[in-house]
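These notes concern the structure reproduced below.
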Amino acid sequence: MTFPAPVVAAMRAELPAVAAQTVASIVVEVPSYTDAFAGEMGRAISRAVQLALGGFLELATTTGGADPSRPIGPALEGAYALGRGEARGGRPMDALLAAYRVGARVAWRHMSDTAVAAGMTAGSLARFAELVFAYIDQLSASSVAGHTDELDSTGRVRRHHLERLGALLLTGRPPHDLVPAAERAGWPPPRTLTAVLLPEGRARGVLALLDDRTLQVSDDQPGLDPAAELTVLLVPDAGCGARTGLLRTLEGTSAVVGPAREWTAVSASYARALRALRLGLTADGTAALDTESRLTDLVLRADDSALGDLRAAVLAPLDGLSPAVREKLTVTLRSWLLHHGRREQVAAALFVHPQTVRYRLGQLRELYGDRLEDPQTVLELTVALGAQLPAPTEEDAS
Numbered sequence: 002m003t004f005p006a007p008v009v010a011a012m013r014a015e016l017p018a019v020a021a022q023t024v025a026s027i028v029v030e031v032p033s034y035t036d037a038f039a040g041e042m043g044r045a046i047s048r049a050v051q052l053a054l055g056g057f058l059e060l061a062t063t064t065g066g067a068d069p070s071r072p073i074g075p076a077l078e079g080a081y082a083l084g085r086g087e088a089r090g091g092r093p094m095d096a097l098l099a100a101y102r103v104g105a106r107v108a109w110r111h112m113s114d115t116a117v118a119a120g121m122t123a124g125s126l127a128r129f130a131e132l133v134f135a136y137i138d139q140l141s142a143s144s145v146a147g148h149t150d151e152l153d154s155t156g157r158v159r160r161h162h163l164e165r166l167g168a169l170l171l172t173g174r175p176p177h178d179l180v181p182a183a184e185r186a187g188w189p190p191p192r193t194l195t196a197v198l199l200p201e202g203r204a205r206g207v208l209a210l211l212d213d214r215t216l217q218v219s220d221d222q223p224g225l226d227p228a229a230e231l232t233v234l235l236v237p238d239a240g241c242g243a244r245t246g247l248l249r250t251l252e253g254t255s256a257v258v259g260p261a262r263e264w265t266a267v268s269a270s271y272a273r274a275l276r277a278l279r280l281g282l283t284a285d286g287t288a289a290l291d292t293e294s295r296l297t298d299l300v301l302r303a304d305d306s307a308l309g310d311l312r313a314a315v316l317a318p319l320d321g322l323s324p325a326v327r328e329k330l331t332v333t334l335r336s337w338l339l340h341h342g343r344r345e346q347v348a349a350a351l352f353v354h355p356q357t358v359r360y361r362l363g364q365l366r367e368l369y370g371d372r373l374e375d376p377q378t379v380l381e382l383t384v385a386l387g388a389q390l391p392a393p394t395e396e397d398a399s
């Protein structure tokens, strides 16, 4: 339907007053906008109100053969822009939708009074009401779409910046690259970061339990085999006492946890976790592998080839023995070094009688001679045998 020209003319004449009254009512009834109208946002919303009312009048005067979407196009675009502006300001849609409801009520009251005074019939008035509220629904939907699109867009951009920051951190870029990258991502740097390697399938559940500043780096991590399907988490401020909580959170995830490092130096934490993974170090039971508890293994196995050569050199005096005897004397020598020569403790660790320890040590002294008293030899033996050997069992003692 189209409204008679006198009715439209009367409503158009009242448009500035209706717009002003609409804005005033929104300020009073929507607390979130009370202060907003003092600035640019207020001017934008005032313009949007006038544009919306003008669009409605254009719609009301459209003839049956015209495209009804054309006259309200600018109003819908304005509503869409309002929704995007709300999202950019970090506000939900509640206040704007409430403003639309207030605006619809105020505009309907004033414009219907004007229309009736100008001669609109009671039958047309009902159709007028339908048109007003259908129009407001269109504006609301357009604003919701703008809000959603802005969140999606900014979310994608921020995720891109966070992924870029994570990649820079893992490659050990200098602070003058990292600080601007953190600012672009809107990421407040913590004091420290801890690198965690874990299967990608476990990451979502773990992230929900961690600091929301935790970064996830899943694509092309330096040094990580893509076929392993692992992801890297960079967890803020998980050092000292907080480390226990992190390890508890990671139970049952097959995670490898590096040390806490200053956030700009987290590449060192990642490198250690990666080395532990490559060395095949494992944790006990379902616990995550804490590299801080395996420092000795990491040091001794930093160069497996060199460790193998050293072990072969210091155990050369045992080369002429049978494999079984050689193994027994090797574990006895290692236990003797670790227990500082205390025979009873060595016997308990090896599940043998102290006399057996004495006998084996006698064999070792015959093979090594005075070298077991030489500090350099003792150091080399300790380093060579310090890496974990298979733990003795009672069956081994027999």
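Counting in this note's numbering, the sequence shown runs from 2 upward without gaps.
Where is the CB? At the ideal position from N, CA and C, for every residue including glycine.
Nothing here was measured: the structure is a model prediction, and the numbers come from that model.
Contact annotation, Ser-268 with Leu-171: C-beta distance approximately 6 angstroms; criterion of less than 8 angstroms satisfied.
Taking a cut-off of 8 angstroms on C-beta distances, the segment 110 to 126 touches the segment 2 to 18, as three or more cross pairs fall below it. Of the other Cβ atoms in all chains shown, fewer than 16 fall within 10 Å of the Cβ of Val-300; this residue is therefore exposed. 9 angstroms or more divides the Cβ of Ala-130 from the Cβ of Leu-54. With fewer than 16 other Cβ atoms inside 10 Å of its own Cβ, Val-180 counts as exposed. Annotated as distal: Pro-175 and Trp-264, with beta-carbon spacing of 9 angstroms or more. For Ala-196, the pairing in a beta bridge is given by DSSP as Leu-235. Per DSSP, reduced to three states, the secondary structure at Val-218 is strand. Taking the Cα positions, Ala-20 is about 19 angstroms away from Pro-32.
If you draw a straight line from the Cα of Val-353 to the Cα of Arg-335, it is about 15 angstroms long. Looking at the backbone, the Cα of Gly-321 and that of Leu-278 are separated by about 36 angstroms.
Straight-line spacing of the CA atoms in Val-24 and Ala-100 works out to 9 angstroms. Counting only residues of its own chain and dropping the five nearest sequence neighbours on each side, Leu-386 has a CB closer than 6 angstroms to the CB of Arg-335.
If you compare the alpha carbons of Gly-342, Gln-356 and Ala-349 with that of Val-379, the shortest gap goes to Gly-342. The criterion of a C-beta distance shorter than 9 angstroms is not satisfied by Thr-215 and Pro-200. For Gly-259, the uninterrupted beta strand (DSSP E) segment begins and ends at 257 to 263. Arg-92 and Asp-213 have their C-alpha atoms roughly 20 angstroms apart. Between the alpha carbons of Trp-188 and Arg-160 lies a distance of about 11 angstroms.
Burial check for Thr-193: the Cβ neighbour count within 10 Å reaches 16 or more, so the residue is buried.
Distances from the CA of Leu-52 to each of Ile-137, Arg-128 and Glu-87 were compared; the closest alpha carbon is that of Ile-137. In the DSSP assignment, Asp-291 is bridged to Val-258.
Excluding sequence positions up to five before and after Arg-312, its CB lies within less than 6 angstroms of the CB of Ala-385, all in the same chain and listed in chain order.
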